[in-house]
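Numbered per the numbering used here, the sequence shown spans residues 2 to 307. Don't be surprised by glycine CBs; every beta carbon is placed ideally from N, CA and C. Below: one structure, written as structure tokens.
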Amino acid sequence: MPKRPLIRAPRVTKAVFPVAGLGTRFLPATKSIPKEILTLVDRPLIQYAIDEARAAGITDFIFVTARGKSALEDYFDRAPELESALRRAGKRDLLRALAQTDMPSGAIAYVRQNRPLGLGHAVWCARHLVGDEPFAVILPDDVIAAETPCLRQMVEAHAETRGNMVATMEVAPAQVSSYGILDAAPVQGKGRLVQARGMVEKPRPEAAPSTLAVIGRYILEPEVMGLLGRIGRGAGREVQLTDAIARRIAEGGAVWGYRFEGERFDCGSKAGFLRATVAFALARADLRDDLAAYLQTLTRTRLAAE
Ligand code: UTP
């Protein structure tokens, strides 16, 4: 009997990191430091994002940057003087920490967004580097703590579904106006997947089709790039990625929501960043006991004062 050809879903090997935003919620710090260099314990946000991408099998990293973001480029460069000083001093653990920032030559490409016209516009700026392949998008200010890294969960699911996929999670009804919200139905036998019928950017709670919010991880078909170039500006006078994905659904393209396993921290907000700092520090054996004792004392003192 002739063998049927094995048609594999194209592997997702490229990821776009839009890091050209102004980061106004962290001013004045972000006047001279990119938001993505802000540090959770001892690693900048961008390190968490790159590690998650590597764990998902990404080999091509595309940064969409802007003026004032050169610290990001320096972060992934070799630092020969620092390395030799650490080697001479026998600081092997610090050399190991530094090795996390090593990226193979040519693995990272930088493109510029000349004006901050929104997330959708930033992704579109990467179109020539993405080419005709499915690609991932990671927003570094959404940090997700998970046993299996979030993008890896999605890449595995995407190998079955193909099409477009967005990470999603339930939020409180009062919070829907801060997110892109899915109009979606669960799919029998598909576990964590929902199939999107539509998507709205920052709806009023009474107009929201669900409480399933889109979180900063996407796997997109190259067709979305074409749509981003055509849709024009939407909410907040910005080119919205949500609008292009919604258009893709309207055209009949498949869009899946993936309810990831893990805890997401909104590190684009001060409250979320502080929570993440505490959670990541408490997860560290070298910091846990000291910090937990301090938090207990602080809570007791506050309760006593009330
Ligand atoms: P945000 O909505 O968090 O905007 O962008 P922001 O500028 O980073 O921060 P605030 O709201 O002023 O504090 C979400 C993601 O989209 C990127 C950001 O860098 C962030 O990763 N982005 C946003 C761009 O790359 N370009 C843009 O024009 C807008």
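Cβ-heavy atom distance, residue i to the ligand UTP, below 6 Å
i, result
"L41", "no"
"R1", "Outside the shown range of the chain, which is 2 to 307, sits residue 1, and nothing can be said about it."
"T25", "yes"
"P117", "yes"
"V138", "no"
"V144", "no"
"P19", "yes"
"A123", "yes"
"G22", "yes"
"L120", "yes"
"G235", "no"
"G319", "The structure shown has nothing for residue 319, since the chain only spans 2 to 307."
"G69", "no"
Alpha-carbon to alpha-carbon, residue j and residue i
i, j, result
"D143", "P210", "23 Å"
"I1", "A245", "The structure shown does not extend to residue 1, since the chain spans only 2 to 307, so no value can be given for it."
"D267", "Q189", "30 Å"
"E1", "A282", "With the chain represented from 2 up to 307, any question about residue 1 goes unanswered, as that position is not in the structure."
"L226", "M200", "Per the sequence shown, residue 226 should be read as Met rather than Leu. Those two C-alpha atoms are separated by around 17 Å."
"L152", "E84", "31 Å"
"A127", "G22", "15 Å"
"F62", "R289", "33 Å"
"A280", "I51", "20 Å"
"V17", "T298", "43 Å"
"S106", "A208", "48 Å"
DSSP three-state assignment for residue i, whether helix, strand or coil
i, result
"I59", "coil"
"I109", "strand"
"M2", "With a pLDDT of only 49 at M2, under the threshold of 50, the placement of this residue in the model should not be trusted; the figure read from the coordinates follows. Looking at M2 - three-state DSSP - the assignment turns out to be coil, as it is neither helix nor strand."
"R238", "helix"
"P1", "Given a span of 2 to 307 for the chain in the structure shown, any question on residue 1 remains unanswerable."
"T102", "coil"
"R44", "strand"
"I34", "coil"
Identity of the residues DSSP links to residue i by a beta bridge
i, result
"D267", "D143"
"K15", "D61"
"P137", "Per the sequence shown, residue 137 should be read as Ala rather than Pro. Per DSSP, A16, I220."
"G258", "V167, V195"
"T66", "R113"
Checklist entry - Along the chain, which unbroken stretches of the beta strand (DSSP E) at least 3 residues long are found entirely within the region 141 to 224? => result 143 to 146, 165 to 171, 181 to 187, 194 to 202, 213 to 221
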